Amino acid sequence: MSGKETKKYSAPALEKGLDVLELLSADSTPISTSAIAEKLGRSNAEIYRMILVLEQRGYIEKYDDVDGYQVTRKLLQLGTEHEPIKDIMEYAQPIMRELAEKTSMSCHVAVESQEQIVVIARVETPSNLSYSVRIGYRRPICFAASGRILFAFQTSAKKEKMIALLKQHHSEEEVNIFLSECKKVAKQGYLKAPSAFVEGVTDISFPIIDNDVAVATLTVPYIKRIPEEMPIEGVIKELKTAAEDISKAVSYGIVRKF
Numbered sequence: 097m098s099g100k101e102t103k104k105y106s107a108p109a110l111e112k113g114l115d116v117l118e119l120l121s122a123d124s125t126p127i128s129t130s131a132i133a134e135k136l137g138r139s140n141a142e143i144y145r146m147i148l149v150l151e152q153r154g155y156i157e158k159y160d161d162v163d164g165y166q167v168t169r170k171l172l173q174l175g176t177e178h179e180p181i182k183d184i185m186e187y188a189q190p191i192m193r194e195l196a197e198k199t200s201m202s203c204h205v206a207v208e209s210q211e212q213i214v215v216i217a218r219v220e221t222p223s224n225l226s227y228s229v230r231i232g233y234r235r236p237i238c239f240a241a242s243g244r245i246l247f248a249f250q251t252s253a254k255k256e257k258m259i260a261l262l263k264q265h266h267s268e269e270e271v272n273i274f275l276s277e278c279k280k281v282a283k284q285g286y287l288k289a290p291s292a293f294v295e296g297v298t299d300i301s302f303p304i305i306d307n308d309v310a311v312a313t314l315t316v317p318y319i320k321r322i323p324e325e326m327p328i329e330g331v332i333k334e335l336k337t338a339a340e341d342i343s344k345a346v347s348y349g350i351v352r353k354f
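Each number in our numbering comes from the position in the sequence shown (counting from 1) with 96 added on.
Put into structure tokens, the structure is as follows:
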């Protein structure tokens with residue numbers, strides 16, 4: 097047997113369909129049929145039927161004003177049927193609503209999805225002015241606030257698997273910077289850092305813990321209003337309490353009564 101790992105089973109049509117889904121999931125902008133074929137190293141004819149079937153089944157959709165496809169929320173809906181994710185979404189909602197009311201800030205929950213994070217729940221603030229992240233939003237773990245939290249609070253074995261996966265998608269320098277930042281997060285117990293994507297937003301993120309590891313993150317994209325309704329220190333305190341309450345609910349099935 098050669099040193100190169102060989103596949104035990106092969107299902108070419110299924111693999112092509114999964115390749116399309118993975119490609120579209122990793123990109124936030126619509127991708128045309130020809131671009132999909134080029135990126136996957138296949139012909140337009142090979143990809144065309146895959147796209148038609150995936151569109152018919154509701155996994156991808158074509159935008160009328162853009163020549164390209166994006167994944168729909170159906171994949172996210174399938175993922176949220178997984179029991180731990182269902183528990184997080186159920187228990188987190190009342191706690192997140194109270195957090196948003198107290199801080200006048202929106203908040204969201206994110207989980208790991210391969211080499212990315214994906215937002216599975218959010219609550220808007222009752223305030224007229226806020227910044228929020230949509231459900232289904234994805235970012236590479238290496239560049240996301242939630243990604244640093246999800247990595248920092250894992251077992252050593254899980255971290256090794258995550259590092260191996262990240263190295264397939266990022267440069268050695270990017271991975272090393274990420275690991276250095278995760279050490280600071282682990283020491284501090286949470287993350288507070290300027291957003292890497294939006295000026296004027298400070299990401300504050302705490303882990304949602306189950307069995308001593310982070311299964312999700314609770315994050316507030318903090319914006320400073322004038323006049324200030326709650327200082328950032330107060331938001332950090334409330335966010336910490338909310339994350340701890342969700343962690344207890346996920347672990348023990350009990351939500352604090354409000």
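A virtual CB, placed ideally from N, CA and C, is assigned to each residue, including glycine. What you are looking at is a predicted structure, and each value in this text was computed from that prediction instead of being measured.
What whole-angstrom Cβ distance do residue i and residue j have, given they're in contact under 8 Å?
| i | j | result |
| --- | --- | --- |
| R244 | V294 | With a Cβ gap of about 17 Å, R244 and V294 do not count as contacting. |
| I127 | Y165 | 6 Å |
| F227 | I319 | Position check: residue 227 holds Tyr in this sequence, whereas Phe was assumed. That pair is a contact at about 5 Å. |
| I216 | M185 | 6 Å |
| Y286 | K344 | That pair is no contact at about 17 Å. |
Cutting at 8 Å between CB atoms, please list the residues of its own chain near residue i, excluding the five before and the five after it.
| i | result |
| --- | --- |
| Y144 | T129 |
| K353 | Unreliable placement is indicated for K353, whose pLDDT of 47 sits below 50; the coordinate value is still reported in the next sentence. For K353, where only same-chain residues beyond five positions count, there are no Cβ hits under 8 Å. |
| V271 | C238, I259, L262 and K263 |
| T176 | Below a pLDDT of 50, predicted positions are generally treated as unreliable, and T176, at 48, falls in that range; no measurement from the model is reported. |
| E142 | K112 and A133 |
| V331 | T199, M201, I300, V316 and Y318 |
Pick from the options: whose alpha carbon is nearest that of residue i?
| i | options | result |
| --- | --- | --- |
| I191 | E208, R218, I213 and Y165 | R218 |
| P290 | V316, H265 and P236 | V316 |
| E151 | T168, D163, E142 and K135 | T168 |
| V214 | I300, S267, E324 and S242 | S242 |
| D163 | A141, I132, D183 and S139 | I132 |
| Q264 | I237, M326 and E325 | I237 |
| S209 | R193, V229 and R235 | R235 |
| G137 | L148, A196, A260 and K112 | K112 |
| V229 | V297, S139 and G285 | V297 |
| A292 | K336, N140 and F274 | F274 |
| A240 | I300, D183 and I147 | I300 |
| T125 | Y233, E256, I328 and S252 | Y233 |
| A109 | K135, L148 and D123 | L148 |
| I342 | A122, Q189 and D123 | Q189 |
| H266 | S121, M146, P327 and E211 | E211 |
| K288 | I328, E269 and E256 | I328 |
Below 7 Å CB to CB, which residues in the same chain sit around residue i once its five sequence neighbours on both sides are set aside?
| i | result |
| --- | --- |
| A339 | F302, P303, I304 and L314 |
| K333 | none |
| A367 | Past the boundaries of the shown model lies residue 367; the chain is included only from 97 to 354, so the question cannot be answered. |
| E197 | P222 |
| N140 | T129, S130 and A133 |
| T251 | V309 |
| K135 | L119 |
| M146 | K112, G113 and V116 |
In chain order, what residues of the same chain have a beta carbon less than 6 Å from the beta carbon of residue i, not counting five sequence neighbours either side?
| i | result |
| --- | --- |
| D306 | V346 and S347 |
| K254 | none |
| E385 | This structure cannot settle anything about residue 385, because the visible part of the chain is limited to 97 through 354. |
| E101 | In this predicted model, E101 has a pLDDT of only 49, less than 50, meaning its place in the structure is not dependable; the value taken from the coordinates is given anyway. Result list for E101: empty, nothing under 6 Å. |
| A206 | I213, V215, S242 and T313 |
| A107 | none |
| S121 | V167 |
Less than 7 Å between CB atoms is the rule here; does residue i satisfy it with respect to chain B?
| i | result |
| --- | --- |
| P327 | Absent from the structure is chain B; it holds one protein chain and no more. |
Legend entry - Cβ contact check for the region 194-203 and the region 223-230: 3 or more pairs under 8 Å: Counting C-beta pairs closer than 8 Å gives three or more between the region 194-203 and the region 223-230, which meets the contact rule.
Legend entry - Cβ pair count under 8 Å reaching 3, the region 107-122 against the region 137-157: As far as the Cβ criterion goes, the region 107-122 touches the region 137-157, which means the pair count is three or higher.
Inset, instruction - List in chain order: all unbroken alpha helix (DSSP H) runs of 4+ residues lying wholly within the region 209-279. - result: At a cut-off of 4 residues, the continuous stretches assigned as alpha helix (DSSP H) that sit fully inside the region 209-279 are 241-248 and 252-263.
Inset, instruction - Assess, as a yes-or-no matter, whether the region 308-318 is touched by the region 270-281 under the definition of 3 or more beta carbon pairs within less than 8 Å. - result: Between the region 270-281 and the region 308-318 there are fewer than three C-beta pairs closer than 8 Å, too few to call the two in contact.
Legend entry - Those runs of the beta strand (DSSP E) which lie wholly inside the region 280-349 and span at least 3 residues: Whole beta strand (DSSP E) segments, 3+ residues: 287-290, 298-306 and 309-318.
Legend entry - Entirely enclosed beta strand (DSSP E) segments - the region 133-165, minimum 3 residues: Taking only runs of at least 3 residues, the beta strand (DSSP E) segments lying wholly in the region 133-165 are 156-158.
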